[in-house]
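See below for the structure under consideration.
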């Protein structure tokens, strides 16, 4: 029986720690899909949608289906290896959590859909809650127009 799963994020020296070792350290089964998903998220300049991760896997020659990819992403979030960020149209975006990295806010452009990490804006504040309430996690996503959309004068899509 494997050791109890760790709840630590991706080490700060990743990719020196391989994706396979990271999965095993969290008590998971090492699969090509999980390894490829970690590598895709680690190499991304911004949080990726399910579809963008799928494209990255296809480009890398990794055969997969939507359900397997969904389960791999959910497992990574459950193990605190990846973070899930709310985006528009009830879609999620995903990014790797690195060791020592604080949780940060994100900016979502409601015009083009781009999601940008706001490293200097913490999202882990603990608000005063009513008696009996218990906070599990918090997330801060700011919405508006990115610089490119603002310059081009793009209008927000009707909802």
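Residue numbers (our numbering): 10 to 168.
We treat Cβ as the ideally placed atom computed from N, Cα and C, and that holds for glycine.
Item, Value
"Reduced DSSP secondary structure (H/G/I, E/B, other) of residue 137", "coil"
"Assigned secondary structure, residue 105 (DSSP; H/G/I helix, E/B strand, else coil)", "strand"
"Anticipated Cβ contact below 8 Å, residue 125 with residue 155, distance rounded", "7 Å"
"Check whether residue 81 and residue 42 have beta carbons under 7 Å apart", "yes"
"Limits of the unbroken alpha helix (DSSP H) element including residue 50", "41-52"
"Neighbourhood of residue 63 by C-beta distance below 8 Å, restricted to the same chain and skipping five residues each side", "73, 75, 78"
"Residue(s) in a DSSP beta bridge with residue 95", "101"
"Length of the line joining the Cα atoms of residue 68 and residue 118", "26 Å"
"Selection from 28, 93, 37, 139 that minimises the alpha carbon distance to residue 47", "28"
"Boundaries of the alpha helix (DSSP H) in which residue 72 is found, first to last residue", "Neither: residue 72 is in no alpha helix (DSSP H) and is coded neither H nor E."
"For residue 30 and residue 149, the rounded distance between their alpha carbons", "31 Å"
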